[in-house]
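Below is one structure; the comments refer to it alone.
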Amino acid sequence: MTRTARRTLQMTGVGVAALLALSACSSSDDSSSAKSGPTGSASAPASDKVSGTVTVFAAASLKESFTALGEKFEKAHPGTKVAFSFGGSDSLAASITGGAPADVFASASPKTMKIVTDAGDASGTPATFVRNQLEIAALPGNPAKIASLKDLTKPSLKVVLCDKTVPCGAAAQKALDAARLKLTPVSYEQDVKSALTKVELKEADAAVVYRTDVHAAGDKVEGVEFPESAGAVNEYPIVQLKDSKNAEAAQAFIALVRSAEGRQVLTEAGFLKP
Amino acid sequence: MDDSRTTEPDHSAASGPGAGDPAPDGLDARLVVERGAFRLDVALRVAPGEVVALLGPNGAGKTTALRALAGLAPLTDGHLRLDGAALERTPPESRPVGVVFQDYLLFPHLTALDNVAFGPRCHGATRAEARARAAEWLGRLGLAEHAGAKPRKLSGGQAQRVALARALATGPRLLLLDEPLAALDARTRLEVRAQLRRHLAEFEAVAVLVTHDPLDAMVLADRLVVVEDGRVVQEGTPSVIARHPRTDYIAQLVGLNLYRGQADGHTVRLGTGPSITTTEALSGPVFVAFPPSAITLYRDRPTGASARNLWRCRVNGLESHGDQVRADLTGELPLAADLTTVAAAELDLHPGAEVWATVKAAQTHAYPV
Amino acid sequence: MTLPATDRSGAAADTLKGGPRRRLRRRSVRTGGRGLGRGVPPALLVPALIGVAFLVVPLIALLVRAPWHGLPAQLTSAEVWQALRLSLVCATAATAVSLVLGVPLAWLLARVEFPGRGLVRALVTLPLVLPPVVGGVALLMALGRNGIVGRSLDSWFGITLPFTTTGVVVAEAFVAMPFLVISVEGTLRAADPRFEEAAATLGASRFTAFRRVTLPLIAPGIAAGAVLAWARALGEFGATITFAGNFPGRTQTMPLAVYLALQSDPEAAIALSLVLLAVSVAVLAGLRDRWMTAGG
């Protein structure tokens with residue numbers, strides 16, 4: 001008993017140490033003393049004033065494309081660094097309203113963006129920069145021959161949906177309602193990536209996810225488009241945050257995302273133009 | 275040594291290993307256990323009804339020998355036969371062996387009755403049968419009223435008897451006792467020792483006990499096997515061993531001064547040192563022994579020539595035992611001498627004091643090696 | 644904590660008043676033996692109190708911020724009861740699985756010397772450091788429909804574990820069993836193995852000795868381990884949602900319900916957490932009291 005207690009204590013110690021290390025990392029945005037005031041010359045991406053670290057909170061579905069854009073940004077503005085935090089839009093919104101230090105927020109739904117704007121944490125009005133559409137992710141080769149949303153209601157199929165509390169789940173429900181379909185999935189997943197993982201691991205036969213997720217999964221899943229998805233398109237808003245410590249860089253990054261160059265990267269990842 | 279048994283050495287000597295032909299019944303073992311640098315190699319033959327004590331200092335291998343007999347330590351070599359059946363490869367649970375452990379190891383979660391009933395239950399008795407047999411054993415050992423008590427409520431002596439009852443309840447052909455009295459305080463010990471002796475005398479099969487206490491060994495056992503450093507150094511009846519110790523360890527145990535030397539008539543020469551005059555006339559290698567109480571001490575060299583065994587010594591240390599003082603002497607001959615407290619005071623003994631020690635030849639005892 | 648402190652100040656007051664000597668002495672003895680003030684070095688007391696605060700303050704915050712007015716609505720919701728029932732059933736089943744497999748495993752690790760024992764011990768405790776979500780993925784790869792073992796389960800017996808209540812039990816047992824194994828192994832190592840030897844000399848086989856002697860002796864350690872495992876299983880989230888998914892009534896346990904509620908309705912999430920907290924405290928306190936009286 002005592003032994004166990006000691007071991008447990010040691011482990012707790014490790015855990016605490018890890019926590020400390022994490023918090024140390026996140027608080028080390030010794031970004032820039034270059035605070036040249038809010039001059040707001042936003043549209044000039046090659047401005048020499050841009051420097052330091054810009055922290056971007058972005059929806060998980062943006063991971064691949066934003067990472068690519070971040071590299072472009074750092075190349076275009078030597079001396080800058082883009083720090084990303086990808087996650088569920090809701091968790092990110094909760095972090096921001098809870099006081100997490102961030103410069104830019106890119107959400108997967110207007111609803112989660114509203115949480116941030118309602119809390120008064122946004123600076124300016126959010127702008128929609130891409131849209132995302134639902135798609136069915138089926139097993140490679142589509143062995144179940146899924147061709148429509150209705151095919152998913154076959155009782156022999158194991159289908160996973162996102163939970164209704166997260167954007168992809170809400171969108172899927174909207175599409176199902178529009179098609180007057182009743183679908184009982186085997187699971188309501190916590191986010192779109194978990195839903196996709198279930199298909200990738202062949203535990204589920206199909207999932208309703210975003211086009212971009214099917215795109216990112218490569219040949220591990222096969223995408224099946226369905227017309228009802230048009231009625232449940234998700235808009236992705238982006239905004240600069242009020243507590244931003246590096247307003248110039250934040251504006252410059254948003255500008256890059258909304259530029260033609262940025263749009264190209266995003267459409268390559270499967271996003272639709274706004 | 276004041277035990278009555280010392281006056282009747284012949285009875286047990288007859289059943290000892292010197293008796294000749296191996297008996298079909300009883301224990302016949304050669305226990306070889308190697309563990310790292312330590313090697314135990316002990317031969318034991320014990321007749322049914324005989325009680326043998328393995329006596330030796332700590333670390334001599336006595337307990338290892340006991341564990342080997344019980345099957346708890348595997349034999350490296352040798353053999354183990356009990357009533358003619360080979361047991362070397364038999365696991366402990368299948369050996370007809372009962373063990374009383376040093377701290378008894380009574381199962382703390384079971385009552386005295388269930389502790390004793392445990393063995394019979396494991397041997398296939400029903401719960402009721404096992405309990406009946408356990409109750410009978412507890413009654414026989416005078417513990418009937420403690421049947422329902424958990425071990426922690428029992429006194430040391432009671433726990434010891436429950437452990438004995440538990441070991442006997444399976445009807446073993448070999449009873450092993452590991453330091454059966456070591457866990458008891460001095461007063462209980464006296465009483466329990468007498469009881470245990472009675473129970474062992476009633477036991478009809480082989481009993482082997484392990485102890486480092488010569489008194490326990492001499493009171494409880496018919497025959498002693500002295501083990502030092504993994505080997506048997508001497509065995510025999512308590513009285514023989516008490517009178518004729520063959521190692522310093524045994525001599526100390528029985529409280530004798532012991533020397534080894536070459537005898538030539540009445541004189542025994544101890545290596546390059548002094549010689550001792552004895553009553554026995556012997557030749558060749560011998561032991562000479564005499565008790566500490568046979569020594570007389572003087573501060574000045576005694577003038578009377580009566581004592582031929584006269585040595586010059588120095589007091590190394592003094593230890594008080596009741597009204598006796600044990601003086602540890604070095605010098606020509608290392609000696610332990612007993613004298614009264616009064617005598618010690620009159621002689622003004624203190625560590626470093628120079629003394630003369632004498633022993634009358636009549637009080638020495640020489641015997642061949 | 645407050646009682647001895649009161650005693651102490653009482654004793655001090657007596658001293659000031661020159662109160663009765665005998666009473667004073669008895670009191671100060673009691674204080675000296677059990678009180679906080681004497682004999683507790685600040686080097687231990689201060690970190691201990693900070694530790695208590697560290698563990699308790701977040702729970703207090705949960706209570707302070709709880710939407711008490713919304714609580715009745717939560718408590719009458721069928722979905723909450725469903726999740727709570729499922730949580731209790733699955734955590735208890737996972738504890739049972741851990742006991743059946745974990746106690747013999749602990750015995751093996753503590754009592755039998757075999758090559759690679761240290762490695763096995765390390766492997767067995769690995770789920771403790773594995774992020775639960777990774778544990779869930781690993782379970783899918785092993786026991787999923789397409790997993791290395793699960794494939795055979797499916798084709799031979801028609802059993803699939805993911806998305807089932809059994810899957811929840813499997814995921815919780817996977818995460819909780821190491822706690823039980825470590826706890827029981829520690830108790831076994833502290834227990835005197837010579838009791839098993841004594842049983843052997845009385846004719847007990849190794850299994851009988853384990854069942855009739857060892858098991859009763861280490862019962863308190865097993866109970867403590869089972870409580871740890873149960874508590875861990877009750878709070879399990881990552882492995883469960885990854886391996887068994889989330890479907891109300893079938894695999895949605897309380898932690899899953901709490902997490903998903905947090906996405907849309909943080910107040911409901913807090914209310915749900917409080918329900919889970921209250922139930923666990925009630926169960927653990929109840930068990931503890933029973934042992935205390937049983938253990939004497």
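Residue numbers (our numbering), protein chains in the order written: chain A, 1 to 274; chain B, 275 to 643; chain C, 644 to 939. Each residue gets a CB set at the ideal place from its N, CA and C atoms; glycine is no exception. Only a predicted model underlies this, so the values are computations on that prediction, with no experimental measurement involved.
Practice prompt. Answer with yes or no whether the minimum CB distance from residue 90 of chain A to chain C is below 9 Å.
Written response: For residue 90 of chain A, a Cβ of chain C is located within less than 9 Å of the residue's own Cβ.
Worksheet item: At a cut of 8 Å, does the segment 881-888 of chain C reach the segment 805-812 of chain C through at least three beta carbon pairs?
Response: Taking 8 Å as the limit for Cβ pairs, the verdict is that the segment 805-812 of chain C does touch the segment 881-888 of chain C.
Worksheet entry | Three-state class that DSSP yields for residue 336 of chain B in the structure shown | When secondary structure is reduced to three states using DSSP, residue 336 of chain B falls in the helix class.
Worksheet item: Would residue 788 of chain C pass as a contact of residue 189 of chain A if the rule is Cβ separation under 9 Å?
Response: When the beta-carbon positions are compared, residue 788 of chain C and residue 189 of chain A stay at least 9 Å from each other.
Worksheet item: What number of angstroms, rounded off, separates the C-alpha of residue 2 of chain A from the C-alpha of residue 750 of chain C?
Response: Below a pLDDT of 50, predicted positions are generally treated as unreliable, and residue 2 of chain A, at 45, falls in that range; no measurement from the model is reported.
Item to complete: Please name the residue, chosen from B/370, B/491, B/380 and B/532, that lies closest to residue 568 of chain B on a Cα-to-Cα basis.
Response: Answer by Cα proximity: B/532.
Worksheet item: Which residues bound the beta strand (DSSP E) around residue 531 of chain B?
Response: Residue 531 of chain B: member of the beta strand (DSSP E) spanning 531-543, first to last residue.
Worksheet item: Does DSSP put residue 329 of chain B in a helix, a strand or coil?
Response: If DSSP states are grouped into helix, strand and coil, residue 329 of chain B belongs with the strands.
Worksheet item: Any C-beta of chain A sitting closer than 9 Å to the C-beta of residue 792 of chain C?
Response: So no, residue 792 of chain C is outside the interface.
Worksheet item: Checking contacts by CB at 9 Å: is residue 201 of chain A closer than that to chain C?
Response: Taking CB atoms only, residue 201 of chain A has a neighbour in chain C less than 9 Å away.
Worksheet item: Is the CB of residue 831 of chain C under 9 Å away from at least one CB in chain B?
Response: For residue 831 of chain C, no Cβ of chain B is located within less than 9 Å of the residue's own Cβ.
Worksheet item: Near residue 256 of chain A, what residues of its chain come up, given a Cβ to Cβ distance below 8 Å and the 5 sequence neighbours on each side ignored?
Response: Within its own chain, the residues whose Cβ lies closer than 8 Å to the Cβ of residue 256 of chain A, once the five positions on either side in sequence are excluded, are 45, 69, 72, 73, 76 and 262, listed in chain order.
Discussion item. Starting from residue 348 of chain B, trace the alpha helix (DSSP H) in both directions and tell me its first and last residue.
Written reply: Premise fails: residue 348 of chain B is in no alpha helix (DSSP H) and is neither H nor E.
Fill in: Strand pairing of residue 598 of chain B, partner residues [DSSP]
DSSP output for residue 598 of chain B lists B/595 and B/614 as bridge partner(s).
Worksheet item: CA-CA distance, residue 92 of chain A and residue 799 of chain C?
Response: It is roughly 45 Å from the alpha-carbon of residue 92 of chain A to the alpha-carbon of residue 799 of chain C.
Fill in: Burial state of residue 559 of chain B, where buried means 16 or more other Cβ atoms lie within 10 Å
The Cβ neighbour count for residue 559 of chain B, taken over all protein chains shown within 10 Å, is under 16; the residue is labelled exposed.
Worksheet entry | C-alpha distance - residue 379 of chain B paired with residue 860 of chain C, whole-angstrom precision | Roughly 12 Å separates the two Cα atoms.
Worksheet item: Going by DSSP, what residues sit across from residue 526 of chain B in a beta bridge?
Response: Among the bridge pairs identified by DSSP, residue 526 of chain B is matched with none.
Practice prompt. For chain B, find out if any of its Cβ atoms is closer than 9 Å to the Cβ of residue 761 of chain C; answer yes or no.
Written response: False, the Cβ-Cβ gap to chain B never drops below 9 Å.
Worksheet item: In the DSSP assignment, what are the bridge partners of residue 585 of chain B?
Response: Residue 585 of chain B is bridged to B/631.
Fill in: Any chain C beta carbon closer than 9 Å to residue 190 of chain A
With its beta carbon less than 9 Å from one in chain C, residue 190 of chain A belongs to the interface.
Worksheet item: Distance, Cα to Cα, residue 630 of chain B vs residue 523 of chain B?
Response: Those two C-alpha atoms are separated by around 26 Å.
Worksheet item: Applying a beta-carbon distance threshold of less than 8 Å, which residues of chain C neighbour residue 444 of chain B?
Response: Here the neighbours are 845 and 846.
Worksheet item: According to DSSP, what are the bridge partners of residue 285 of chain A?
Response: The structure shown does not extend to residue 285 of chain A, since chain A spans only 1 to 274, so no value can be given for it.
Worksheet item: Distance, Cα to Cα, residue 842 of chain C vs residue 853 of chain C?
Response: So the alpha carbons of these two residues sit roughly 9 Å apart.
Worksheet item: Quick one: what's residue 187 of chain A bridged to in DSSP?
Response: Residue 187 of chain A pairs with A/160.
Worksheet item: Looking at the structure shown, is residue 475 of chain B part of a helix, part of a strand, or coil, going by DSSP?
Response: Reduced to three states, the DSSP call for residue 475 of chain B is helix.
Discussion item. Using only CA atoms, which one of C/836, C/870, C/898 and C/866 lies nearest to residue 754 of chain C?
Written reply: Closest option to residue 754 of chain C, judged by alpha-carbon separation, among C/836, C/870, C/898 and C/866: C/836.
Worksheet item: Which term fits residue 623 of chain B, buried or exposed, when burial requires 16 or more other beta carbons within 10 angstroms of its beta carbon?
Response: Label assigned to residue 623 of chain B: buried.
Worksheet item: Who are the near neighbours of residue 736 of chain C in its chain, counting only those whose CB is closer than 6 Å to its CB and skipping five residues on each side?
Response: Cβ within range, chain order: 812.
Discussion item. Let's see if you can read the secondary structure: which residues bound the alpha helix (DSSP H) around residue 952 of chain C?
Written reply: The structure shown does not extend to residue 952 of chain C, since chain C spans only 644 to 939, so no value can be given for it.
Worksheet item: residue 778 of chain C and residue 882 of chain C look like a contact to me (Cβ under 8 Å); what is the Cβ gap, rounded to whole Å?
Response: Correct: roughly 4 Å between the Cβ atoms.
Worksheet entry | Contacts around residue 275 of chain B, its chain only, beta-carbon distance under 6 Å, and the 5 residues preceding and following it disregarded | Only weak support exists for where residue 275 of chain B lies, its pLDDT of 40 falling under 50; the value from the coordinates is given anyway. The answer, listed in chain order, is 516.
Discussion item. Looking at the secondary structure, which residues open and close the beta strand (DSSP E) in which residue 234 of chain A lies?
Written reply: Residue 234 of chain A -> beta strand (DSSP E) spans 234-241.
Practice prompt. Report yes or no: do three or more beta-carbon pairs, one from the segment 457-477 of chain B and one from the segment 502-511 of chain B, lie closer than 8 Å?
Written response: They do not touch, by the three-pair rule.
Fill in: Environment of residue 193 of chain A [buried if 16+ CB atoms lie within 10 Å]
So residue 193 of chain A counts as buried.
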